[in-house]
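Numbering (numbering that gives the first Met the number 0), first residue to last: 0 to 247. Glycine included, each C-beta is placed from N, C-alpha and C at the ideal position. Quick caveat: nothing in here was measured; it's all calculated off a predicted structure. Scroll down for the structure; my scribbles are underneath it.
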Amino acid sequence: MKILSDQHTAFELEAHRPELAFLPIGATEQHSRHLPLATDTILADQLSTAILEQLDWPGHVFLLPTLPVSSSEENTGYRGTISFTPLTMRSIVRDIWDSLTRVGIQKLIVCPWHGGNFILKPIIREMNCEKQQCHLFYLNPWEQVPAAVYDQFAHGFEVHCGDVETSLMLALNPEYVKAERVDNPTPHFKAPLQDMWSMKTLSGGEGHTGHPTQATVAKGEIFKQAVIENSVRYLQELLELSQQYPEY
0 MKILSDQHTA FELEAHRPEL AFLPIGATEQ HSRHLPLATD TILADQLSTA ILEQLDWPGH
60 VFLLPTLPVS SSEENTGYRG TISFTPLTMR SIVRDIWDSL TRVGIQKLIV CPWHGGNFIL
120 KPIIREMNCE KQQCHLFYLN PWEQVPAAVY DQFAHGFEVH CGDVETSLML ALNPEYVKAE
180 RVDNPTPHFK APLQDMWSMK TLSGGEGHTG HPTQATVAKG EIFKQAVIEN SVRYLQELLE
240 LSQQYPEY
């Protein structure tokens with residue numbers, strides 16, 4: 000399998016004719032005092048490539064450029080956060096889908112690395128119901144990580160910029176992690192609360208939840224491998240099912 004990208008020419012894509020495309024979705028949003036605005040996009044670039052490199056697929060794949068802005072409504076109110084509304088996200092995904100369909104792409108994997116894109120699942124279902132040539136699939140890498148891996152972190156999964164995300168950045172991009180880190184425990188704060196309160200409210204203005212001071216490279220390496228291996232396994236199952244059931 001060859002991974003084609005925007006670094007290739009249109010004629011190279013024409014020669015290889017990939018039928019599978021992969022759309023990573025990042026974000027430009029505040030990540031507290033210690034991580035950059037582009038954290039989700041940086042992780043999306045690196046980990047999406049790592050997932051595809053381990054994928055067993057008989058054809059070629061077109062790795063699309065990571066979408067650097069998505070729906071970050073819960074992180075508005077901080078300088079630097081840029082957010083699309085859910086309806087804008089719908090239009091963007093649909094336009095990408097239409098463009099790919101016109102050149103023979105038959106399967107599109109939509110892969111959000113930012114957790115606030117709650118609109119994506121209903122968008123994909125709506126578009127698949129139209130029964131067009133290109134079948135859409137949804138892969139949320141964070142959801143593929145087993146609970147046992149999260150249990151290795153003292154406070155489990157912390158929604159934003161805590162031990163887990165900071166450890167992952169330390170393992171992959173230590174140069175981006177600032178030394179200025181403070182813990183911000185928020186008991187009983189689960190991701191669905193972002194539907195009803197902003198991160199600014201839930202974090203008391205700090206912009207993060209959890210315990211970033213407890214982050215380590217070692218924990219980040221464990222989590223990185225878990226994200227890659229389990230996402231590959233899930234994606235493999237999806238694609239095998241798509242061969243068995245080619246239509247929605």
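With a Cβ-Cβ cutoff of 8 Å, do residue i and residue j count as a contact?
i           : j           : result
residue 143 : residue 229 : yes
residue 21  : residue 60  : yes
residue 80  : residue 11  : no
residue 275 : residue 181 : With the chain represented from 0 up to 247, any question about residue 275 goes unanswered, as that position is not in the structure.
residue 160 : residue 30  : yes
residue 49  : residue 148 : no
residue 70  : residue 122 : no
residue 168 : residue 34  : yes
residue 73  : residue 25  : no
residue 197 : residue 110 : no
residue 138 : residue 233 : yes
residue 179 : residue 78  : no
residue 55  : residue 242 : no
For residue i and residue j, I'd like the C-alpha separation in whole angstroms.
i           : j           : result
residue 212 : residue 204 : 18 Å
residue 43  : residue 66  : 9 Å
residue 133 : residue 239 : 16 Å
residue 194 : residue 13  : 42 Å
residue 1   : residue 183 : 44 Å
residue 87  : residue 100 : 20 Å
residue 153 : residue 15  : 47 Å
residue 227 : residue 210 : 24 Å
residue 199 : residue 84  : 18 Å
residue 208 : residue 201 : 8 Å
residue 216 : residue 223 : 10 Å
residue 276 : residue 94  : Since the first residue shown for the chain is 0 and the last is 247, residue 276 is missing from the structure and cannot be characterised.
residue 75  : residue 82  : 7 Å
residue 45  : residue 96  : 23 Å
residue 206 : residue 158 : 11 Å
residue 8   : residue 98  : 16 Å
residue 174 : residue 23  : 23 Å
Residues in the same chain with beta-carbon distance under 7 Å from residue i, minus the five sequence neighbours each way, listed in chain order, please.
i           : result
residue 18  : 58, 103, 104, 105 and 106
residue 156 : 149 and 163
residue 172 : 41
Could you pull out every residue in the same chain whose Cβ sits closer than 6 Å to the Cβ of residue i, ignoring the five residues on either side in sequence?
i           : result
residue 136 : 108 and 237
residue 53  : 231
residue 219 : 166, 167, 169 and 170
residue 38  : 30
residue 36  : 27 and 79
residue 92  : 122
residue 89  : 122
residue 214 : 162, 165, 166 and 169
Below 8 Å on the Cβ atoms is my contact criterion, and I expect residue i with residue j to pass it. Report the Cβ-Cβ distance as a whole number of Å.
i           : j           : result
residue 145 : residue 112 : Not confirmed; about 18 Å, so no contact.
residue 51  : residue 62  : 6 Å
residue 130 : residue 247 : 6 Å
Kindly list the residues whose CB is nearer than 8 Å to the CB of residue i, restricted to its own chain and excluding five residues on each side of it in sequence; keep chain order.
i           : result
residue 5   : 63 and 64
residue 3   : 11, 12, 15, 17, 59, 60, 61 and 62
residue 221 : 148 and 151
Of all the CB atoms in chain D, is at least one closer than 8 Å to the CB of residue i?
i           : result
residue 166 : The displayed structure is made up of one protein chain only, and chain D is not part of it.
Checklist entry - Taking the runs of the alpha helix (DSSP H) that are 4 residues or longer, which of them lie wholly in the segment 172-243? => result Taken in chain order, the whole alpha helix (DSSP H) runs of length 4 or more contained in the segment 172-243 are 198-201 and 216-243.
Next on the checklist: If we require 3 or more residues per run, which beta strand (DSSP E) segments fall completely within the segment 39-80?
Outcome noted: Within the segment 39-80, the complete beta strand (DSSP E) runs of at least 3 residues are 60-62.
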